[in-house]
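Below is one structure, written out as structure tokens; comments come after it.
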Amino acid sequence: MDRQLTLMAVHAHPDDECLSTGGILARYSDEGIRTVLVTCTNGEQGDGPGGVKPGDPGHNDAEVAERRLAELRESVQHLGIDHLELLGYRDSGMDGWDTNKHPDAFANVPVDVAATRLGELIKQYRPQVVVTYDETGGSGYNHPDHVQAHRITVAAIEATGIPDKFYYTAIPRAAIKRMFEFMRTSGVDLGDFQPSDDFGTPDELVTTVVDVAPYVERKFKALQSHESQGENIFLLRMPEEAQHQAFATESFTRVVNRVTAPDHEDDLFAGLR
Ligand SMILES: [Zn+2]
């Protein structure tokens, strides 16, 4: 192999690295593959100290960003990520928030401007595999920063032509169904939360399922590092067995493939080693 195998994951906020890609980052790093996490925003619109919501008195954007970036560094350690790259854009907040209109919000940065910066990182690390969200920002999430992360990554991949394989994170509908079934039968109070039928990735779009069961604990620790956002991390409050079930595999949709790999694979690096 004349070049080092490298995985790059592109995420919107500090904490997004854990759920959909924490397992692959930890696993591939253990396998000696270089891992690079690109986090696009500083997460300013997350919760402040004591769960203070953005826009409420006592919420200080700069302090929240500083705290969240510190939490991100801790998470990166748990996951064994080799390189953390921060694009440093301003968090746009959830879809519909006033903060969406801030001229510096990541979602308002011209795609080619941010894509050029990401493209520079792709040229620097030359990853064979790049992972980010689908066009809905991840299985229908629709957070403006997640959609923007998708757009700039697609643009950077097209402009550089470097990665051999390009993936979107996926939450297979069948897995969501199984998990909610499991929680209901084990008597978990789900409140009024009910996943809609079109929540998640249609199963037929899932090409790649990676076993990360041995990394569930590290993934969990990484998630716990983002303590200030604990209230928003629904999975932290699930029963352990349901957590394990939700954490033990990570699924993806392959959208670019320039190597010989099976249509359904269990390794993002299939065909590359
Ligand atoms: Zn996010």
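Just so we're aligned: the sequence shown equals residues 0 to 272 in numbering that gives the first Met the number 0.
Even glycine gets a Cβ: it sits at the ideal position worked out from N, Cα and C.
Residue i versus residue j: straight-line alpha-carbon distance, rounded
i      : j      : result
GLN3   : LYS52  : 43 Å
ASP292 : GLU43  : Residue 292 falls outside the range modelled here, since the chain spans only 0 to 272, and no answer is possible.
VAL291 : ASP163 : Residue 291 lies beyond the stretch modelled for the chain, which goes from 0 to 272, so this question has no answer here.
GLN244 : LEU78  : 19 Å
GLY229 : PRO171 : 24 Å
PHE181 : PHE246 : 14 Å
ALA241 : ALA113 : 37 Å
TRP96  : ASP55  : 13 Å
SER74  : SER250 : 21 Å
PRO238 : THR184 : 12 Å
ILE32  : ASP266 : 13 Å
Three-state secondary structure assigned by DSSP to residue i
i      : result
GLU30  : coil
ASP210 : strand
GLU273 : Nothing in the structure corresponds to residue 273, since the chain is present only between 0 and 272.
THR200 : strand
PRO238 : coil
ALA269 : coil
PRO109 : coil
PRO171 : strand
THR98  : helix
GLY21  : helix
GLY49  : helix
GLN223 : helix
DSSP beta-bridge partners of residue i
i      : result
LYS164 : VAL128 and ASN256
LEU36  : ALA8 and LEU83
GLU264 : THR207
TYR88  : THR40
ALA155 : BP columns for ALA155 are empty, so no partner.
ALA104 : ARG89
Assumed close pair residue i, residue j - CB separation to whole angstroms, cut-off 8 Å
i      : j      : result
ARG89  : THR40  : 6 Å
LYS218 : GLY92  : That pair is no contact at about 26 Å.
LEU120 : GLU65  : Not quite, the Cβ-Cβ distance comes to about 23 Å (not below 8 Å), so this is no contact.
TYR124 : VAL35  : 5 Å
ASP144 : PHE105 : 5 Å
GLU30  : LEU24  : At roughly 11 Å, the Cβ-Cβ gap does not stay under 8 Å, so GLU30 and LEU24 are not in contact.
PRO13  : HIS225 : 7 Å
With contact counted as at least three CB pairs below 8 Å, one residue from each stretch, are the segment 206 to 225 and the segment 253 to 266 in contact? Contact holds: three or more Cβ-Cβ distances are below 8 Å.
If contact is defined by three or more beta carbon pairs under 8 Å, each pair taking one atom from either stretch, is the segment 222 to 235 in contact with the segment 147 to 163? No, they do not touch.
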